[in-house]
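J.: Structure below; questions to follow.
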């Protein structure tokens with residue numbers, strides 16, 4: 209298993225994977241970023257199996273990419289993997305409620321289990337659990353922090369100021 213770190217506008221991302229795919233992308237809170245600078249300087253070579261992930265994340269944050277095309281290998285239960293696969297069907301710039309997500313999976317009563325699986329999503333941003341919102345439109349249930357969810361949704365759907373003239 210290989211690991212690399214990538215600085216994002218939302219904190220440092222820790223990327224883990226190998227030739228079988230990306231296993232996890234997690235965000236590390238700012239408190240740890242100064243310690244990671246040493247790691248980045250001494251480990252400036254990004255492992256080949258993680259290079260495309262770093263490139264695509266960089267393109268995403270630069271507003272040059274709306275879809276990811278990576279080999280993914282998240283580790284979880286079969287149910288969790290089914291939920292994460294369904295998350296991949298939520299298009300860029302769109303949201304879906306937890307109820308809609310449960311319906312898409314074929315069991316409206318599984319809403320709490322679906323929400324729990326969303327919260328255990330190991331591949332931040334690429335498997336877009338940030339696009340799932342509460343039925344009332346509220347930004348609820350985001351393991352990376354609601355402020356990050358708000359930032360990501362704003363990044364994917366920026367409100368363009370229109371000139372009056």
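Numbering (the numbering used here), first residue to last: 209 to 373.
Yeah, the Cβ is synthetic: ideal placement off N, Cα and C, and Gly gets one too.
#1: May I have the straight-line CA-CA distance separating residue 255 from residue 294, to the nearest angstrom?
#2: What did DSSP end up calling residue 351 once you bin it into helix, strand or coil?
#3: Within the same chain, show all residues whose beta-carbon is closer than 7 Å to that of residue 328, passing over the 5 residues directly before and after it, in chain order.
#4: Do the CB positions of residue 268 and residue 236 come within less than 9 Å of each other?
#5: I'd like the list of long-range same chain contacts for residue 258, defined as Cβ closer than 7 Å, with 5 residues on each side in sequence excluded.
#6: Under 6 Å Cβ to Cβ from residue 326, same chain only, skipping five residues before and after it: list those, please.
#7: May I ask you to report which of helix, strand or coil DSSP gives residue 298?
#8: Less than 9 Å between the C-beta atoms of residue 291 and residue 313, yes or no?
#9: I'd like to check one pair, residue 364 with residue 276: are the Cβ atoms closer than 9 Å?
#10: Taking only the alpha-carbon atoms, compute the straight-line gap between residue 279 and residue 262 and give it to the nearest angstrom.
#11: Residue 362: which of 343, 303, 220 and 215 sits nearest, CA to CA?
#12: Applying the criterion that 16 or more other CB atoms from any shown protein chain within 10 Å of the CB defines a buried residue, is residue 217 buried or exposed?
#13: What number of angstroms, rounded off, separates the C-alpha of residue 315 from the C-alpha of residue 253?
T.: Judging by the given coordinates:
#1: 29 Å
#2: coil
#3: 284 and 288
#4: no
#5: 210, 212, 223 and 225
#6: The answer, listed in chain order, is 337 and 340.
#7: coil
#8: Their beta carbons are under 9 Å apart, which means residue 291 touches residue 313 by this criterion.
#9: no
#10: 13 Å
#11: 303
#12: exposed
#13: Cα to Cα, the separation comes out at about 45 Å.
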